[in-house]
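Colleague: Numbering (the working numbering), first residue to last: 2 to 58.
1. Please classify residue 56: does DSSP put it in a helix, a strand, or coil?
2. Mind pulling the alpha helix (DSSP H) runs of 4 or more residues that sit fully within the stretch 9-49?
3. If residue 18 and residue 40 are in contact, beta carbons under 8 Å, what's the gap, nearest whole angstrom?
4. Tell me which residues share the same chain as residue 35 and place their Cβ nearer than 6 Å to its Cβ, disregarding the 5 neighbours each side in the sequence.
5. Would you please state the rounded distance, in angstroms, between the beta carbons of residue 44 and residue 33? I believe it to be under 8 Å.
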């Protein structure tokens with residue numbers, strides 16, 4: 002039970018972070034801000050390119 006609650010809270014917080022606009026309000030649209038280290042590390046692909054450490058070189 003507790004692990005499921007923790008996991009769901011983490012997913013919600015990640016989605017809120019990924020849908021935040023410049024003014025800081027959630028938009029419902031995924032707007033990746035790659036200057037954020039969490040979003041940068043969690044995004045595997047973008048625009049048809051790999052964003053893994055090997056793909057960033």
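Where is the CB? At the ideal position from N, CA and C, for every residue including glycine.
Modeller: Judging by the given coordinates:
1. Legend: pLDDT at residue 56 = 49, less than 50; position of this residue unreliable, value from coordinates given subsequently. The answer is helix: DSSP assigns residue 56 an H, G or I state.
2. Listed in chain order, they are 38-43.
3. Under the criterion of beta carbons closer than 8 Å, residue 18 and residue 40 qualify as touching, at roughly 7 Å.
4. Listed in chain order, the non-local C-beta contacts of residue 35 below 6 Å within the same chain comprise 41, local neighbours out to five positions each way being set aside.
5. A Cβ-Cβ distance of about 6 Å is found for the pair residue 44 and residue 33, placing them in contact under the 8 Å criterion.
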